[in-house]
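J.: Dumping the structure here so I can ask a few things about it.
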Amino acid sequence: AASTQRVLCTFQHSAGGLDGVAVGVNPDGSMVATAQDGDSEIKLWDATSGRQIRILKSEGAVRGVVFSPDGRAIATKWGSICGAAWEVKSGRRVAQYEFRTGCWITFSPDSRFVAVTDAQDSGPDLVTFEDLARLLTTG
């Protein structure tokens, strides 16, 4: 059977030699974020032209990236214990999270909150919600 897939744009995060690429697409499909495991850079790309827009620098090897549902923010995760929230428009880091054992970071469906999990060695895991609008305003 013939393939119906069509390549719209190709993004090369780095020259290779690293394991895996995390990718996120903003809600309107106009921007792509890539993060290569083992690399501390998050690259933002124009989804139509493939032109690199900006590079965000984290403190560790990024393993996950996701856009907020309204497209104003990005959440990234590096290693097993850290994450951050970033303002897309400016590239400014608005929050950083560090935990003892492990975390994940995402957004509520209405983009009102950043949700961060904190896996505990003993006892219940914790989930923290932060007001995204406040973070984007005050960082």
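For the sequence shown, counting from 1, position 34 maps to 14 in my numbering; every step adds exactly one. Positions of the beta carbon are idealized from the N, C-alpha and C atoms, including for glycine.
1. Terminal residues of the continuous alpha helix (DSSP H) containing Thr117?
2. Suppose contacts are defined by Cβ-Cβ distances below 9 Å. Is Ala55 in contact with Ile85 by that definition?
3. What three-state label does DSSP hand Asp50 in the structure shown?
4. Rounded to a whole number of angstroms, what is the C-alpha to C-alpha distance between Phe109 and Trp66?
5. Which term fits Gln16, buried or exposed, when burial requires 16 or more other beta carbons within 10 angstroms of its beta carbon?
6. Please state the DSSP three-state secondary structure of Arg92.
7. Let me know if Thr117 comes out buried or exposed under the rule of 16 or more other beta-carbons within 10 Å of its beta-carbon.
8. State the CB to CB distance for the pair Arg121 and Lys57, rounded to an integer number of angstroms; the pair is presumed to be in contact (CB under 8 Å).
9. In this structure, does DSSP put Val68 in helix, strand or coil?
10. Give me the Cα-Cα distance between Asp105 and Ser29, rounded to the nearest whole angstrom.
11. Might you give, ordered along the chain, the residues of its own chain that have their beta carbon closer than 6 Å to the beta carbon of Asp50, omitting 5 neighbours on each side?
12. Tell me which residue opens and which closes the beta strand (DSSP E) that Asp39 is part of.
T.: Quick look at the numbers:
1. 112 to 118
2. yes
3. coil
4. Those two C-alpha atoms are separated by around 15 Å.
5. With 16 or more Cβ atoms within 10 Å of its Cβ, Gln16 is classed as buried.
6. In the structure shown, Arg92 sits in coil (DSSP, three-state: anything other than H, G, I, E or B).
7. exposed
8. Absent from the model: residue 121. The displayed extent of the chain is -19 to 119, so no value can be given.
9. coil
10. 42 Å
11. Ser91
12. Here residue 39 turns out to be Glu, not Asp, going by the sequence shown. Where Glu39 is concerned, there is no enclosing beta strand (DSSP E), given that its DSSP letter is neither H nor E.
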